[in-house]
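I have placed the structure first, in the form of structure tokens, so that the comments after it can refer back to it.
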Amino acid sequence: MDKTLLNNFVVMIVMVLLQVLIFNNIMLFSVAMGYVFIYTIIRLPMSLHTNWLLTFAFLLGLVIDIFSDTAGVNTISCTILAMVKRPVLYAYIARDDSTKNIVPCLSTLGFAVYGKYLFTMSMIYTLLTFVLEYFNFADFKEIALMTICSSLFTFILILGIDSLIITRREKRL
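Written as structure tokens, this is what we have:
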């Protein structure tokens, strides 16, 4: 088995356990929730085929839904997040042969690019999650506040987790 896939599988298990056991029970000031498990989708290599990426994201969301009792909200949000992963990253970096095989992380993209990419991805995920959860726009202010606060909280958590994960000699752009 490829070392990268094995590392991603281990990271996925750890992130799911952290989400289910810890972060599902933390709600800061009743407006911010951390979604650390999306780090596994964000960090998957760009060379991964789209079918595998969507399948992986669907199954990850399904596992979180089963343990969180959220009736498909995370499954839909994770699948859409996987669909927009490449376009979001390529909005911030040039699309060429050197970026085809990168693993999006702090050490390969640098803080400026990775920060924009990570914040955009966390904003997309939290917006989808809260819109699907509330399923109406009557609570627009509450959805907007929870989306912004949860995106910032998720961004900070994932940035901290990514800085703790040390990888060997990843090629920097």
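Here the working numbering is used: the first residue of the sequence shown is 1, the next is one more, and so on.
We put the CB at the ideal spot given by N, CA and C, even for glycine.
All of these numbers come straight from a predicted model, not from anything done at the bench.
The three-state secondary structure of L59, taken from DSSP, is helix.
CA-to-CA, the gap between S77 and L128 works out to about 6 Å.
By the CB criterion at 8 Å, Y92 and V73 fall outside the cutoff.
Contact between S122 and S151 holds, since their C-beta atoms are separated by about 5 Å, short of 8 Å. Taking one beta carbon from each stretch, the stretch 140-157 and the stretch 23-35 have 3 or more pairs nearer than 8 Å; the two touch. A residue is called buried when at least 16 other Cβ atoms come within 10 angstroms of its Cβ; K85 meets this threshold and is buried. Excluding the 5 residues flanking it on each side, T79 has same chain C-beta neighbours closer than 8 Å at L54, A57, F58, G61, in chain order.
Of the residues assessed, R43 falls on the buried side of the cut-off, its CB having 16 or more other CB atoms within 10 angstroms. It is roughly 22 Å from the alpha-carbon of F9 to the alpha-carbon of T99. Collapsing the DSSP output to three states places A32 in a strand. DSSP, reduced to helix, strand and coil, places S150 within a helical segment of the structure shown.
By the Cβ-count criterion, F135 is exposed, with fewer than 16 other Cβ atoms from all chains shown falling within 10 Å of its own Cβ.
Within the model, the alpha-carbon separation for M83 versus L89 is close to 11 Å. Annotated as distal: Y117 and I38, with beta-carbon spacing of 8 Å or more.
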